[in-house]
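Protein chains: 4
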Amino acid sequence: MTTANICGSDLHPYEGRASMDPGMVFGHENMGVVEEVGPGVDRIKVGDRVSVPFNLACGTCRNCNDGFTSACLRANPSGQPGAGYGYPMMGPYWGGQAEFLRVPWADFNLLELPAGTEHENDFTMLSDIFPTGYHGTELAGVAPGKTVAIYGAGPVGLMAAHSAVLRGASQVFVVDKEADRLALATEYGATAVDFSQVDPTETIMDATDGFGVDCGVEAVGYQAHDQTGEEHPELALDQLVGVVRATGGLGVVGVYVPEDPQAATEQAKQGRVAFDFGAAWTKGLRIGTGQCPVKAYNRHLRDLIIRGEAHPSKIVSHELPLDQAVEAYDHFDKREDGWTKVLLGPGRSA
Amino acid sequence: MTTANICGSDLHPYEGRASMDPGMVFGHENMGVVEEVGPGVDRIKVGDRVSVPFNLACGTCRNCNDGFTSACLRANPSGQPGAGYGYPMMGPYWGGQAEFLRVPWADFNLLELPAGTEHENDFTMLSDIFPTGYHGTELAGVAPGKTVAIYGAGPVGLMAAHSAVLRGASQVFVVDKEADRLALATEYGATAVDFSQVDPTETIMDATDGFGVDCGVEAVGYQAHDQTGEEHPELALDQLVGVVRATGGLGVVGVYVPEDPQAATEQAKQGRVAFDFGAAWTKGLRIGTGQCPVKAYNRHLRDLIIRGEAHPSKIVSHELPLDQAVEAYDHFDKREDGWTKVLLGPGRSA
Amino acid sequence: MTTANICGSDLHPYEGRASMDPGMVFGHENMGVVEEVGPGVDRIKVGDRVSVPFNLACGTCRNCNDGFTSACLRANPSGQPGAGYGYPMMGPYWGGQAEFLRVPWADFNLLELPAGTEHENDFTMLSDIFPTGYHGTELAGVAPGKTVAIYGAGPVGLMAAHSAVLRGASQVFVVDKEADRLALATEYGATAVDFSQVDPTETIMDATDGFGVDCGVEAVGYQAHDQTGEEHPELALDQLVGVVRATGGLGVVGVYVPEDPQAATEQAKQGRVAFDFGAAWTKGLRIGTGQCPVKAYNRHLRDLIIRGEAHPSKIVSHELPLDQAVEAYDHFDKREDGWTKVLLGPGRSA
Amino acid sequence: MTTANICGSDLHPYEGRASMDPGMVFGHENMGVVEEVGPGVDRIKVGDRVSVPFNLACGTCRNCNDGFTSACLRANPSGQPGAGYGYPMMGPYWGGQAEFLRVPWADFNLLELPAGTEHENDFTMLSDIFPTGYHGTELAGVAPGKTVAIYGAGPVGLMAAHSAVLRGASQVFVVDKEADRLALATEYGATAVDFSQVDPTETIMDATDGFGVDCGVEAVGYQAHDQTGEEHPELALDQLVGVVRATGGLGVVGVYVPEDPQAATEQAKQGRVAFDFGAAWTKGLRIGTGQCPVKAYNRHLRDLIIRGEAHPSKIVSHELPLDQAVEAYDHFDKREDGWTKVLLGPGRSA
C-alpha cells in the first residue's frame, strides 16, 4: 500500500451508524504496488503500480458482464449485490488502511498505473471519489454546454464539479456553506453558492433566466441536515428538484440507506425519503442513483491525469503516516475546518 | 372529430380533484379529419386524416427542439412547461369530446394517417395511451430479452404490456386485481398477477430465480390505494423498488402531482411521496418520470398498426355517440366492471 | 461437445482462401457439457451445460472491459485484437468439431444453459450466428416500428431477419435468390425479395413510398457475386446504400478482409472496396462493421429461446454424427440446395 | 446581415466543380439582426440578433422531427433530402453574402443570440463550421479521456480539435502540412502533426503505445491530395483506418459527393471511394458520415461561447467589407498562406 484515503463513508461505521466487526481493517480507497500474485492471475505482475476500485467484483457474473461492478452477484457472501473492502456488509474483505491489501480477482479489479511515484495524490482519487463524482455527472446527463448544480462540496461534490467542467458544462454551481470547500469549487472552475449567505434556489434560478439548470448532482446523502444540525434526508433532493429544469436529469451519488435504525423519524428508520416526487414527476425528471461502478470510468480519468488535464488532488488537505490514523479520524469525524481529505501511507509526514 | 376517447385523467377534474373552467370542453385523446387550415399551415391539407398528440407544442422552443414536446415552453400561457387540451392548467385549449377541435401549430402537432376509416380504434390510441405506455417501457429501459413488471392494468398499463412484448421482452408481468383487465394483459402476451389472490412480490421473485425483473413500469399514480380503498401514493413505487433488480430501471408514467389539497395526509397534500428511496439507491435504480412526449413514438407505433403488428384497440370496451358522454363518464368514474376504455364519436352506436 | 455447427466462414480455410494449420481442428460454433475445470475456474462447475461464444476473450483487458470481446487484446498471441477457435489467425485454439474442446478463461467465456437437452438446436445458435445476426440489427439501429432491408439469406441474414422482427421492426425485407432460404425468411415474418425475379431496389423503394428503409444489414461479405458468379465485393454494399434512406443506419456483418491474395482485382487483393461512399455520405449514413461480441447479446437471446419467443433452429437443415463431417463439408461447400445449416454431434443421425 | 463567412465549400461552385445559377448569391454561413418577419412567425421578433444554420429546414417533416435538419424532406424542391442557401442543388434559396437574407420557417431555423455585438466573430461560427467540427467528434464517439486524430486542419478540422478538447479528450492529434493552421491547432490544445515533416501514422501509433487512437475525424473530403497535388479521395480515410484502434469510431465530415464528373478516375466520377474497407471491418470500426444538423449543437455551443469557454474565432484570418468579396474569393481559392477564414460584413475593414 502506498496510499489509502479516509472517506466520509468510513465515518458511518466509525460513528457506529453502520456495523463494523472487531479486528476488521478500514479503507476502501486504495492504491499501491503489487507484492505478490496468486496462481490464477495472468495479467497483473509483481511490481505493477495499481489503483484498487472500491467495488470488489468477480468479473464474470451477469452484472459484471453488463458493466455494473457495483452490483457484483458473486463477491459478497451475504448474497446482496455488490462487495467492497473494510465494511462487514460488503463482505469479509479487510480494508487498505494498512501495510498490505489482498485483492481478489486481481486481473479484473486492478487498474494499472505508470511506474514510479508521479501523480500519486491524483491517482489515489481513482479508487473512489473521482469516479464517484464523475458518475454523478453521468447519471445527471452532463454534456457540453449544459448547466449543472451540485449540492454538497465534500470530496465527492468537488470531484463532480471537476468532472462537470472537464465534460464541457457551460456553468457549474456548487452549493455548500463551508468556505474552504467552496474555494476549491471555484478553483475547479465552478460558481460557488454559499447557502449560509444566499438562498441557493433563488441564486441559481436568477442565473439561469428562471429556467433552472439542466442537470443536478446530489452529493450529500441521507444525513443532510439544516443549519441547526437537524437531519432532513429529503433536504438536498427537494432543492435539486426545485432547481433542475423540466426534462432535466438528477444524479444521486450521496449515500442513502435502506434502513437506518438510529434515524430521527420512523420514515427515515425505514429508509423512506419523503421528497417532492410529485414536482419531480411534473417536470419529467430522470433520477439516477447508487454506487459508482469505478471500472466504467477509472481508465479514462487516469489518462486525463497523465495528460495533465485532471487534477483531483487539489482537495487533499492532509497527508499522514499510518500511525497517525487515529488522530486523523478524530479530526475528520468532527468535521474540523480544513480537514477535507486525508491520505495515509508510508513516507507521509504530518 | 371522428373519435375522442375518455381518459382516466379526465376523471381528475370530473371528480373535482383537478380544477376545471365552466364551459371548457374535455378531451385530449383526439383524432379526426382536417376541415380547415390556417394561413400558417403548409404541410397539413384539408381532408387529411390525423391523430392529435395530447401534448400541444409549438415546435420551435428549446424543449420542442430537444424532443420534449411534453414540456413546450411557449404553448402554455401560465408559463409552466407543457400544454394540452381540455385542462385549464394545461392552457386555454378546449378538448375534443366535441364535433370540432382547434389544433394550434398544426404542421408540427398532427400525425398523418392513411385515408379512410381502417384501424380507427387502433389509431385513436396514438394520441395518448399507446405512446404513454410505450414511454413507460422506454424510461424503464426495456430491451429484447429483458424481464418487465408493470403495476396497474388500466389502459396505460395494458399499453405498456403490449409495448414491452413488441419490444422483445422475454417476460412481462402485469399486476392488478381486476379480472377483465388481467385477461387483456394475457391477450397481449403478458403474465397476469392478481394481487387479490397472490402476493405479487413473491410471485415475481419466484419466477425470476429471486433476482427480480430488469425493468418496472408504474402505471398507477398518486391515487394508488390498498384493498380497503385507502390511498397510499407510495404503494406501487414501493413494490416496484422491491421487485426490480439491482441495476434496473423504473419508468413512472402513472400521474403524480406537485400538490393535492384533497389528499389524506399532509405529505400527500404537498406532493411528497415517502417511498423506499434508500432501497432504490442501494440497488442503483434509474427512475424516469413524467408525461410522454407523444411525437417521439407515435409515428413508429402507427406503422406497427398499419403492418398488423400492434393492436391497441383490444382494450376498447365501449363505443358511444357523443350525446351519451354524460352516462359514459358516470359509468367510467364508478370504475364499473368492464368499462376499460370508452370511445366517443359520430356514428358510434351504444 | 454435444453440438458443433459448420459455419460459412469455415469454408474460407476449407477452400484455401484463408490459412489453416495441418492438424488443427475446425469449429467455432460450440456447445456442450463441462467435463473438467482448471484450478482458476470458480464460477463454472463440472456438469454445467454451456454455450461457447466464438470469440475467445480474456475478460480483463481494456477491450473486454468495454464489452468488445471481439477485440480481446490478450488472447491472440499474434498481437492482433480478437481470438477464436479453429483458425490459425485467431490464435492456436483448436475448434470444437470434435469430442472435447478446451475453453480458456472459462468463467468469463461460457454462458450457462438450463440442464438437459431441451432447445439443443436453438441454443447451439447462441455461439455465433444468432448473436451475429442480432449484431447486424444493432449496428443498423433497428428499433420498434422501423423498416429494415437485409441482403443475404444465409444463416446470418436469416438470424438478422429473426432478430429484426423480435425487436419490433414494422417491415423486414430479405434479399436473396435461393428459394429455400427465402422461404425461411418468410417463416420468420420477413418479406422475401428474390433478386433473380425482381429488381430488389425497385421493390423496396416502391414498398416504402420511395423513401427506402431505415436500416440495412449486409450479410453477404467480400465474396458477393453477381448472377454470373463473378465476385464484386461492393455489390451488396452498393445496393444497401441505395435502399437505406437518408439518416439511416447500415450494419455490416458479412465478412470483409484486409487482404485477399486470391481476389480478382488488385483493389480486392488489398481489401479495398470501391463502394458508393459519396452517395452514403450525401445520405449521412452511419455504418457499423465487424465481428459480433457474442457476450453482448447471448444471455438475452438465450432467455428469449427459453421463453419460447425465439426459434433460431428453424434454419437447421442437417444433423449428422461427427464421422460424417467430411461429406457434410463437401455438400455445404458446393452450396447444394437445402444445405442451409449443418449440426454435428454425438447421437445425431444422418 | 452583420456577418457572412466564406466557406471552403463555396469554392466547389466557384471553381465550377459544383453547379451554380447565374445571379444566385453565395453564402451559407450567416448571422444578422432581424429586419422583418412574415405573418407565420410568432417566436422571432424584429430586432433579434440571430444565427442562421446552414441547413434550411421545415421543422415539421419526419426527418426534422427526428433531429435530422440536415435531411429535411420538404425544403428542397428537388425532392432530395436537405436544403440550404447559396447552392442550386440545395434549393432556390439565395445566400447571405449580401445585405439581406430571407430565412424560411424562421421560428424553427433561427438561433437567438444576446443583443449587441459582443462575440460577433465567435457567434458567426455557429452557422456551420463550429457545429460541423463538433459533429465530427460526435460521429466519432469522442468522450472524456479518449484519444482523437483529426485529419485536415482547415476551419472544420480546427473546430473539431476545439470541440474534442472541450469534450474532455485526453489527447488530440491534428494532421496537416500548413504551419499556420497547425499553429492554430496547438492553440486549441491539440498536438500538431506535420505530415510534410513526419509520417503521421508512425507518429500517432508511437504516441499511443501502438494501439492507435479511439476516435478519428475526417475533415478533408473528396479532394484529398498527396504532396504532388494529385487527388486521392481515399487518402485521408485510409490513414484514419490505419490509426484508429479496433472498436473505434470514425466521423467523416469532410465532403464526399455522389458524382464528380471532373474527377480524375472513373471510380471517382461515380463517387466511389476505394478505401481500406476490409481493414476497417476487421477492426470493427463505426463510421458516421454526412452534413451536420446544426440545430443539434448550436445552442449549447453558443452557451459555451457566452460563458467564455469556447473561442472559435481564433481561426479568423480576415475581416472584409462586402465589396471586397471578389478579391477575398481569389485569395482564398488560391489557398494562399494565412487565408484561413474570411468574414464579410458591413463595417469590416480590410
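Protein chains in written order, with my numbering: chain B, 1 to 350; chain W, 1001 to 1350; chain L, 2001 to 2350; chain Z, 3001 to 3350. We treat Cβ as the ideally placed atom computed from N, Cα and C, and that holds for glycine.
Which listed residue (the options) has its alpha carbon closest to that of residue i
i	options	result
residue 3025 (chain Z)	Z:3101, Z:3107, Z:3335, Z:3160	Z:3101
residue 3333 (chain Z)	Z:3114, Z:3006, Z:3096	Z:3006
residue 1151 (chain W)	W:1141, W:1143, W:1322, W:1172	W:1172
residue 2015 (chain L)	L:2318, L:2084, L:2054, L:2331	L:2331
residue 2081 (chain L)	Z:3067, Z:3080, Z:3279, Z:3273	Z:3279
residue 51 (chain B)	B:144, B:299, B:86, B:182	B:299
residue 2018 (chain L)	L:2004, L:2071, L:2088	L:2088
residue 2294 (chain L)	L:2179, L:2234, L:2132, L:2231	L:2132
residue 1144 (chain W)	W:1129, W:1177, W:1169, W:1125	W:1169
residue 1009 (chain W)	W:1276, W:1204, W:1128, W:1178	W:1128
Test: residue i CB closer than 8 Å to a CB of chain B
i	result
residue 3145 (chain Z)	yes
residue 1055 (chain W)	no
residue 3309 (chain Z)	yes
residue 3111 (chain Z)	no
Coarse secondary structure for residue i, derived from DSSP in three states
i	result
residue 3051 (chain Z)	strand
residue 89 (chain B)	helix
residue 1280 (chain W)	helix
residue 2038 (chain L)	coil
residue 1032 (chain W)	strand
residue 2119 (chain L)	coil
residue 1302 (chain W)	helix
residue 2084 (chain L)	strand
residue 1147 (chain W)	strand
residue 2331 (chain L)	helix
residue 3319 (chain Z)	strand
Per DSSP, the bridge partner or partners of residue i
i	result
residue 3250 (chain Z)	Z:3216, Z:3287
residue 1191 (chain W)	W:1173
residue 6 (chain B)	B:342
residue 3274 (chain Z)	L:2274
residue 3225 (chain Z)	Z:3231
residue 240 (chain B)	In the DSSP output, where bridge partners are listed per residue, residue 240 (chain B) has none listed.
residue 138 (chain B)	Answer is none; residue 138 (chain B) lacks a bridge partner.
residue 3158 (chain Z)	DSSP lists no partner for residue 3158 (chain Z).
residue 3112 (chain Z)	Z:3050
Residue-chain proximity (residue i, chain W), Cβ-Cβ < 8 Å
i	result
residue 3065 (chain Z)	yes
residue 246 (chain B)	yes
Min CB distance residue i to chain Z below 8 Å
i	result
residue 168 (chain B)	yes
residue 300 (chain B)	yes
residue 2277 (chain L)	yes
Contact test: residue i Cβ vs the ligand MN heavy atom, cutoff 7 Å
i	result
residue 2325 (chain L)	As for the ligand MN, it is missing from this structure, which has no ligand bound.
So, does the region 1283–1294 of chain W touch the region 274–291 of chain B, judging by three or more C-beta pairs under 8 Å? yes
With three or more beta-carbon pairs closer than 8 Å as the criterion, would you say the region 3290–3309 of chain Z touches the region 2333–2342 of chain L? no
If contact is defined by three or more beta carbon pairs under 8 Å, each pair taking one atom from either stretch, is the region 2232–2247 of chain L in contact with the region 2208–2216 of chain L? yes
Within 8 Å of chain A by C-beta, residues of the region 2200–2231 of chain L in sequence order: The structure shown contains no chain A; its protein chains are B, W, L and Z.
Is the region 3126–3140 of chain Z close to the region 3226–3236 of chain Z, with three or more CB pairs under 8 Å? no
Does the count of Cβ pairs from the region 1099–1113 of chain W and the region 1262–1272 of chain W closer than 8 Å reach three? no
Does the region 27–38 of chain B come close enough to the region 150–170 of chain B that 3 or more CB-CB pairs lie under 8 Å? no
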